[in-house]
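Residue numbers (my numbering), protein chains in the order written: chain G, 32 to 249; chain A, 84 to 756.
Pasting the structure below:
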């Protein structure tokens, strides 16, 4: 890595020499940046910041409307807390396997990395499957999307989260395919890490949603 | 898939490397000229021009809508438009001006000048940048197609639900509105991520944040506002769409829905949006005033931090748009106070601008006239804004023309005048030609007089009680004369815009100007005009705020005048060109992905099958984008073939050194508007 002449009075540029990728021993996948964080990773952090407001808006709407249950079942009549706790646990465990995937690919252990990527995707799929099952049950019990304000806001909030998990699963499976093709290798461990950021974010959002929607009584 | 978009600007690589033609689905296009180069471009300057020209087109569209409104209101009981058409026109006028002119025009300036002002060769995610533009274009077209596909939106640019649910707005107009804004929202959001990363990560060596040119600073604040404001309106638009398309109950009052939900969500977005519209112009004016006063910007850190302060405080004032709803006294008092407070950082800026001009050797060229115009008109608008902060007074003014007067003074007198200052100031930079001063002065005065005639009297008739959004008014209420004056003023204003367009066309055929016509201060002028595709031949080393100025001038002795130590040519000659410049390759996929989005949207309105096709296009496009080689296969030069960047691409050879002027010559030939 060539050291660019940097101006002495400017502390920020000194950090440009710590481009990510240096620690892997590979040539950095990007030029040194001012912050030391790669463009792609910084971009993901910003995007997740934006997502906070998206879920913030949806959660606020749910909180406003969750008690408005005219013409349909109320939250505690239909929620199956043990079931949802199990599926939440599965989702949280997928964060662990995601960490293991990142750790494996950083060490260059491709077979393990593939295993953990697929495991994470499968755990995520279990969660989404559980959500689909749950939605079906709720619908049979009389809570449709259009039944009342609680129904509309519940399905919208949890549905948006489910779509986020699904997008995450697609990204994980794409990463898996790309490791098979060789497009993703140890030198690109950061790409996996960035998908991991997204994945952890989606998990954390679920912790909030699970608490607010299922655990705190209306 | 932003995350897979690799930054591909590598300064320490081969001289400008020529990509060569390669076959295969995932190859990358290579042309640098012709129409194809425009639809596949990832060059931030070309994308900036695309943004700008599209925005000006929509400006003309929105302006025509405004003229129709003024014609209808010229006399009492106007008969030119019916009530429905009038509703559609004021809705589309507001929507077009906000989302399709001022925002993208600011995006055009930001795109073009942020990389140049921070000494970068492109933005952080060039393909994402192209995607943003195409989303904006297709979103704008989609929104306007509503005129031909069953009626334009008619619920106002704020679209208060439940007034915009199917019961009260049965045409497809509001569907087009909600879905179209979702698409342009994607453009703003991806653009924001892109430009923030660019500002934070890609500054030239030595350019600390506090040496960033002020326009870049203000644009950075705007991108943060967009980043956090867009998701909020996204939620609001989703809720509205779900109500309209799938029968959800979010705004169904008989189900117990709260009509204030929409207002809160919309204005939590909407008030930061106001600063999204004005801050870029503040940035432009803060560049123009020092150059034409031949003094540094007075209190640069204050201007920076007042901009940041506006960015923060802008989140705490939204409910002043809702004083007339039943908020309760505590909320009203709190938001009233916070609204008065936000006048402080804005006042700081105005004081700084005045102090910049104070004692300077002012040159009243057209950019300077527009900048001073902004200071004057924005101050008037700002003062009427303070009267809205006083809740008892505001409840009298709500829904009258007084409000219309206020926001046109800040948005037209402020934002648009700033953008025009930017046009005149940076035209030589972008096109290598100076807009005519004579026509420019006519343009300025027509706009200045027209704007005051149009919007000034609205203060009076507003306080006299003329309600806004009404398609006619009865005679003899004291409104007649003023409305006629306003209509005349609006046509004078339109004539001013017309003179600008004539100026543009004339200049395109005119002679080239010198490289640094204004004796400017910031580093975007330390390259050719128009800039080469790779912006700078050398990697600039920054040691000062106003770097370029400091290379041209030195102080004779502390505080006693300046002497010129170098000219543009000498400054440029002192730079050692980089040998290894690697530019990102164009891509087909941004336009393809963006094209899928309006298909998905129209499918939701008309037939789900169109949505399926659109979704397939988006999905396929995303994969193609992710899988295409990061750079076009390139001619082997100096053994710099980098496998990791093009794992699948065929490695073909044969290349020619690109004539560096090639693109520049081509760009001049492009019609700008």
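Here a beta-carbon is modelled for each residue, glycine too, at the ideal position from N, C-alpha and C.
| Asked | Found |
| --- | --- |
| Min CB distance residue 99 (chain G) to chain A below 9 Å | yes |
| Coil, strand or helix - residue 216 (chain G) by DSSP | coil |
| Any chain G beta carbon closer than 9 Å to residue 328 (chain A) | no |
| Extent of the continuous alpha helix (DSSP H) to which residue 265 (chain A) belongs | 256-284 |
| Paired residues, beta bridge with residue 645 (chain A) - DSSP | A:638 |
| is_contact[residue 277 (chain A), chain G] using C-beta, thresh 9 Å | yes |
| Residue(s) in a DSSP beta bridge with residue 618 (chain A) | A:615 |
| Cβ pair residue 152 (chain A), residue 184 (chain A) closer than 9 Å | no |
| Spatial distance of residue 547 (chain A) from residue 528 (chain A) (CA atoms) | 29 Å |
| Rounded separation between residue 205 (chain A) and residue 620 (chain A) - CA only | 13 Å |
| Spatial neighbours of residue 187 (chain A) in its chain, beta-carbon cut-off 7 Å, leaving aside the 5 residues before and after | 134, 137, 138, 219 |
| Residues of its chain near residue 161 (chain A), where Cβ-Cβ distance is below 8 Å and the 5 sequence neighbours each way are ignored | 154, 155, 554, 555 |
| Buried or exposed by the 16-neighbour rule on C-beta atoms within 10 Å, applied to residue 376 (chain A) | buried |
| Given residue 202 (chain A) as reference, the closest of A:127, A:181, A:544 once Cα atoms are compared | A:127 |
| Beta carbon proximity, residue 399 (chain A) to chain G, threshold 9 Å | no |
| Closer than 9 Å to chain A by CB, residue 207 (chain G) | no |
| For residue 365 (chain A) and residue 339 (chain A), believed in contact at Cβ under 8 Å, the rounded distance | With a Cβ gap of about 43 Å, residue 339 (chain A) and residue 365 (chain A) do not count as contacting. |
| Every unbroken alpha helix (DSSP H) inside the segment 120-177 of chain G [4 residues or more] | 141-171 |
| Distance between residue 219 (chain G) and residue 230 (chain G) (C-alpha atoms, nearest Å) | 17 Å |
| Contact set between residue 82 (chain G) and chain A, taken where Cβ atoms lie within less than 9 Å | 314 |
| Three or more C-beta pairs below 8 Å linking the segment 190-200 of chain A and the segment 298-312 of chain A | yes |
| Boundaries (first-last residue) of the alpha helix (DSSP H) holding residue 692 (chain A) | 691-710 |
| Interface flag, residue 96 (chain G) vs chain A, CB-CB below 9 Å | yes |
| Inter-residue spacing [alpha-carbon to alpha-carbon] between residue 632 (chain A) and residue 669 (chain A) | 34 Å |
| Chain-order list of residues whose beta-carbon lies under 6 Å from that of residue 149 (chain A) (same chain, five-residue window excluded) | 176 |
| Contact the segment 219-233 of chain A vs the segment 258-278 of chain A: 3+ CB pairs below 8 Å | yes |
| Run of the alpha helix (DSSP H) containing residue 810 (chain A), from where it starts to where it stops | Examination of residue 810 (chain A) is not possible in this model, given that chain A is present from 84 through 756 alone. |
| Short Cβ contact (9 Å threshold) for residue 433 (chain A) with residue 458 (chain A) | yes |
| N-terminal and C-terminal residue of the alpha helix (DSSP H) that residue 684 (chain A) is part of | 672-688 |
| Nearest-angstrom Cα separation, counted from residue 297 (chain A) out to residue 504 (chain A) | 15 Å |
| Selected residue, minimal CA-CA separation from residue 97 (chain G), among A:563, A:560, A:341 | A:341 |
| Residue 665 (chain A), DSSP secondary structure in three states | strand |
| Within chain A, partners of residue 176 (chain G) - CB distance below 7 Å | 329, 331 |
| Below-9 Å beta-carbon distance, residue 274 (chain A) vs any chain G residue | no |
| Contact between the segment 313-322 of chain A and the segment 265-274 of chain A (3+ Cβ pairs under 8 Å) | yes |
| Any 3 or more C-beta pairs closer than 8 Å across the segment 421-431 of chain A and the segment 441-451 of chain A | no |
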